[in-house]
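A quick write-up on the structure given underneath.
Numbering (this note's numbering), first residue to last: 714 to 822.
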């Protein structure tokens, strides 16, 4: 919820109390996936600074970078790349983040 709502202070408190930075949903979405989806750069940076895995994979193989590209979240894409997100990662269906961006019409990426 903190990642979805861009609640940086709440996320910081949860992490201070040792909430797992890469905790997953039933679909294997991490808080970083959620922050990427919502375009919340501040929460994404906090998570990455706390060693969140920039290459964590959801059940369908999407990484946070795939999701940021899909949603045209340019600032999040730039941040993920600074933290060594794998541009060559592929989904279960063989799509790279750039394939996803192209398919969604995110030409700025």
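Just so you know, even glycine gets a beta-carbon here, dropped at the ideal spot from N, CA and C.
Inter-residue CB distance, residue i and residue j (contact presumed, cutoff 8 Å)
i, j, result
"residue 765", "residue 743", "7 Å"
"residue 727", "residue 745", "At roughly 14 Å, the Cβ-Cβ gap does not stay under 8 Å, so residue 727 and residue 745 are not in contact."
"residue 737", "residue 763", "Actually they do not touch by this definition, with Cβ atoms about 16 Å apart."
Residue burial classification, residue i (beta-carbon count within 10 angstroms, cutoff 16)
i, result
"residue 797", "exposed"
"residue 770", "buried"
"residue 739", "exposed"
Contact set for residue i: own chain, Cβ-Cβ below 6 Å, skip 5 residues either direction
i, result
"residue 779", "810 and 813"
"residue 805", "773 and 774"
Same chain, Cβ closer than 7 Å to residue i, five either side skipped, listed in chain order
i, result
"residue 768", "776, 798, 799 and 802"
"residue 786", "749 and 752"
"residue 721", "755, 756 and 759"
"residue 819", "782 and 785"
Pick from the options that is closest to residue i, judged by C-alpha positions
i, options, result
"residue 747", "725, 784, 763 and 804", "784"
"residue 821", "806, 791, 795 and 807", "791"
Residues near residue i by beta carbon distance below 8 Å, same chain, minus five either side
i, result
"residue 729", "none"
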